[in-house]
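Number of protein chains: 2
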Amino acid sequence: MIREQLVAPSPTDLTAFLLRHTRTRDCLVQVAGLAEVTYQGRAASTADVGSYLVLLKRDGSLQIHAPKGVKPMNWQPRTDEITARVEDGQCVLLASRRSRVEQVRVVFLEAQLAQALELSEEAGFVLSGSEAQMQDALARHPDLIEPGLRVLNRELLVESGGIDLYAQDAVSQLARYVASVQRMVGSVVVRGILAAPSITTPARAQLEGRGFEFREVQALPAVVSASTQPGLFEA
Amino acid sequence: MIREQLVAPSPTDLTAFLLRHTRTRDCLVQVAGLAEVTYQGRAASTADVGSYLVLLKRDGSLQIHAPKGVKPMNWQPRTDEITARVEDGQCVLLASRRSRVEQVRVVFLEAQLAQALELSEEAGFVLSGSEAQMQDALARHPDLIEPGLRVLNRELLVESGGIDLYAQDAVSQLARYVASVQRMVGSVVVRGILAAPSITTPARAQLEGRGFEFREVQALPAVVSASTQPGLFEA
DNA sequence: TAGTCAATGTCGGGG
DNA sequence: CCCCGACGTTGACTA
Numbered sequence: 001m002i003r004e005q006l007v008a009p010s011p012t013d014l015t016a017f018l019l020r021h022t023r024t025r026d027c028l029v030q031v032a033g034l035a036e037v038t039y040q041g042r043a044a045s046t047a048d049v050g051s052y053l054v055l056l057k058r059d060g061s062l063q064i065h066a067p068k069g070v071k072p073m074n075w076q077p078r079t080d081e082i083t084a085r086v087e088d089g090q091c092v093l094l095a096s097r098r099s100r101v102e103q104v105r106v107v108f109l110e111a112q113l114a115q116a117l118e119l120s121e122e123a124g125f126v127l128s129g130s131e132a133q134m135q136d137a138l139a140r141h142p143d144l145i146e147p148g149l150r151v152l153n154r155e156l157l158v159e160s161g162g163i164d165l166y167a168q169d170a171v172s173q174l175a176r177y178v179a180s181v182q183r184m185v186g187s188v189v190v191r192g193i194l195a196a197p198s199i200t201t202p203a204r205a206q207l208e209g210r211g212f213e214f215r216e217v218q219a220l221p222a223v224v225s226a227s228t229q230p231g232l233f234e235a
Numbered sequence: 001m002i003r004e005q006l007v008a009p010s011p012t013d014l015t016a017f018l019l020r021h022t023r024t025r026d027c028l029v030q031v032a033g034l035a036e037v038t039y040q041g042r043a044a045s046t047a048d049v050g051s052y053l054v055l056l057k058r059d060g061s062l063q064i065h066a067p068k069g070v071k072p073m074n075w076q077p078r079t080d081e082i083t084a085r086v087e088d089g090q091c092v093l094l095a096s097r098r099s100r101v102e103q104v105r106v107v108f109l110e111a112q113l114a115q116a117l118e119l120s121e122e123a124g125f126v127l128s129g130s131e132a133q134m135q136d137a138l139a140r141h142p143d144l145i146e147p148g149l150r151v152l153n154r155e156l157l158v159e160s161g162g163i164d165l166y167a168q169d170a171v172s173q174l175a176r177y178v179a180s181v182q183r184m185v186g187s188v189v190v191r192g193i194l195a196a197p198s199i200t201t202p203a204r205a206q207l208e209g210r211g212f213e214f215r216e217v218q219a220l221p222a223v224v225s226a227s228t229q230p231g232l233f234e235a
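Written as structure tokens, this is what we have:
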């Protein structure tokens, strides 16, 4: 799985290494070492000389990691062209895009490690808990909001945006929705319940000020202990 | 700069390695190999067995990279606790957060490579082209919007939000601003100019419908050729 | 291809 | 600690 590894390669060797693997694009390429990084495109950035970790993936994406944070210091999502060359005795890596004109330039002052790894094809990956899934699950199992709740008109509920948990103005949206339903049903009492995994303090105050309720729905089973209510996405 | 490197370590060795380095948190730790990853927290996800690259940074952040994309397949921004242990003869890495309860679990079925790299302290990093810088630059050099433009009252211009290039409703905001200035200056003609790096088609239509103008301001010097106008952030 | 919108958004600043 | 807002947001979906 380690296709190739160079320890402290010379600029020439590193350049050749990069060219070899970026041409085939069949490996995940990494370089760690002292470098200087600049970016020009939608914005511009400069990173002083420091030790960074550079990742080149098979899809042509590039990312340069500083010692902290999940987010790379610099990146390029999908490059049209990646090249390496020797400039002034140093290996320079250029990654650029044409559609949106931008470029990342890495000057390696001292590479400590370069490696090419074979990663197998993408394996199956399933994510649950997105808004779409949540809407669907709540519409199917409204008794997760409160036992006994039934959906009288699912189309109305979903289409009118009655379930909109992430909207910034969820409270006023709820108010509008409640008002419109109230008009339709006449004298029957209409409650407004905002069901969400969480709520901010100001939002809660506003909600209760309007006489509405908040109901926490756990989208997923708790990590640590058994959940007190069934998770939405278990089955 | 390579503090330690293990090639195809046993589960026991890998566990010890991970414990050693996560305890000190002074290195960037990498493991590449066959693994299975699950996440539970704000959402939940499962990744089938595949070969991934795991990165552990000094700040406790974790990311697991699949062969494609800038975005990690799984991640954890800043963990409260990272532990490793042997379970059923396999090394298991657990990264969890307490404030927001969530956890990433990596089961290494076959590690190919584990390494601990010393990255120097964060080096200087400067990004230019952000909204704040742009506001400032435009206030200082209004003639970038149109030669001859002068700022009559910078306080008013900046404080009233007169320059607000990223607001979703920039057009209506501009309208309000123009109206308020018009009231103040009386009979003098007031033009509304939206100066931004780009504009969407619908926004432009709305803008021109109200009799306002759009002026493209290049925030930065072009990558390829000499820019036709001086960049905002050059000096 | 361009516009729109969710995201395990991440990250940093301010109360 | 929580709330708020920017971001080179990215990425997926849709007209």
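Protein sequence lines correspond, in order, to chains P and S. Each residue of the first sequence is one higher than the one before, starting from 1 at the first, in the UniProt record's numbering. Each residue of the second sequence is one higher than the one before, starting from 1 at the first, in the UniProt record's numbering. Positions of the beta carbon are idealized from the N, C-alpha and C atoms, including for glycine. Quick caveat, the model's predicted, so the values are computed rather than measured.
Count the other CB atoms within 10 Å of the CB of residue i; is the residue buried (16 or more) or exposed (fewer)?
| i | result |
| --- | --- |
| GLY162 (chain P) | Note on GLY162 (chain P): pLDDT 45, under 50, position unreliable in the model; the coordinate value appears next. Its Cβ being crowded by 16 or more others within 10 Å, GLY162 (chain P) is buried. |
| SER10 (chain S) | exposed |
| VAL171 (chain P) | buried |
| THR22 (chain P) | buried |
| PRO202 (chain P) | exposed |
| GLY211 (chain S) | exposed |
| GLU102 (chain S) | buried |
| SER99 (chain S) | exposed |
| PRO147 (chain P) | exposed |
| LEU18 (chain P) | buried |
| ALA205 (chain S) | exposed |
| SER187 (chain S) | exposed |
| ALA179 (chain S) | exposed |
| SER51 (chain S) | buried |
| ALA132 (chain P) | exposed |
| GLY124 (chain S) | exposed |
Spatial neighbours of residue i within its chain, please: CB distance less than 6 angstroms, with the 5 preceding and 5 following residues excluded, ordered by chain position.
| i | result |
| --- | --- |
| GLN115 (chain P) | GLN5, GLN30 |
| ALA111 (chain P) | PRO9, LEU14, VAL31, GLY33 |
| GLN168 (chain S) | Because GLN168 (chain S) carries a pLDDT of 45, less than 50, the predicted location of this residue cannot be relied on, and no value is offered for it. |
| SER45 (chain P) | TYR39 |
| LEU94 (chain S) | THR83, ARG105 |
| ARG20 (chain P) | none |
| GLY60 (chain P) | ARG78, THR79 |
| LEU199 (chain S) | Residue identity differs from the one stated: residue 199 (chain S) is Ile in this sequence, not Leu. The answer, listed in chain order, is PHE214. |
| ALA16 (chain S) | none |
Between which two residues does the beta strand (DSSP E) harbouring residue i extend?
| i | result |
| --- | --- |
| GLN182 (chain S) | That residue, GLN182 (chain S), is in no beta strand (DSSP E); its alpha helix (DSSP H) goes 170 to 185. |
| ASP48 (chain P) | 44 to 56 |
| ALA84 (chain S) | 81 to 87 |
| ARG97 (chain P) | 90 to 97 |
| GLY33 (chain S) | 28 to 40 |
| PHE214 (chain S) | 213 to 216 |
| LEU19 (chain S) | Per DSSP, LEU19 (chain S) belongs to no beta strand (DSSP E); it is in the alpha helix (DSSP H), 11 to 24. |
| VAL107 (chain S) | 102 to 117 |
| LEU62 (chain P) | 62 to 65 |
| ILE193 (chain P) | 193 to 196 |
| ARG3 (chain P) | 2 to 7 |
| SER128 (chain P) | 125 to 128 |
So, are the CB atoms of residue i and residue j less than 8 angstroms apart?
| i | j | result |
| --- | --- | --- |
| TRP75 (chain S) | VAL126 (chain P) | no |
| ASP88 (chain P) | ARG58 (chain P) | no |
| GLU213 (chain S) | PRO197 (chain S) | no |
| ARG105 (chain P) | THR79 (chain P) | no |
| VAL86 (chain P) | VAL107 (chain P) | no |
| LEU55 (chain P) | ILE82 (chain P) | no |
| residue 258 (chain P) | GLU118 (chain S) | Because chain P in this structure spans residues 1 to 235, residue 258 (chain P) falls outside the shown range and cannot be described. |
| ARG42 (chain P) | GLY129 (chain S) | yes |
| PRO77 (chain P) | ILE64 (chain P) | no |
Please list the terminal residues of the continuous alpha helix (DSSP H) segment that includes residue i.
| i | result |
| --- | --- |
| GLN135 (chain P) | 131 to 140 |
| ALA205 (chain S) | 201 to 209 |
Excluding sequence positions up to five away, which residues of its chain have a Cβ less than 7 angstroms from the Cβ of residue i?
| i | result |
| --- | --- |
| LEU109 (chain S) | LEU34, ALA35, GLU36, VAL49, GLN90 |
| GLN182 (chain P) | VAL190 |
| ALA1 (chain P) | For the record, residue 1 (chain P) in the displayed sequence is Met; it is not Ala. Excluding sequence neighbours, MET1 (chain P) sits near LEU117, GLU118. |
| ARG3 (chain P) | CYS27, ALA116, LEU117, GLU118 |
| THR12 (chain S) | VAL86 |
| LEU207 (chain S) | VAL171, LEU194, PHE214 |
Given residue i, which residues of its chain have a CB within under 8 angstroms of its CB, disregarding the five upstream and five downstream residues?
| i | result |
| --- | --- |
| residue 248 (chain S) | Nothing about residue 248 (chain S) can be read from this structure; chain S reaches only from 1 to 235. |
| ILE145 (chain S) | LEU138, ILE193, ALA195, ARG215, VAL217 |
| LEU113 (chain S) | GLN5, LEU6, VAL7, ALA8, GLN30, VAL31, ALA32, GLY33 |
| SER120 (chain P) | none |
Return yes when the C-beta of residue i is under 7 angstroms from any heavy atom of the ligand ATP, and no when it is not.
| i | result |
| --- | --- |
| ARG191 (chain S) | The ligand ATP is not part of the structure shown, which contains no ligands of any sort. |
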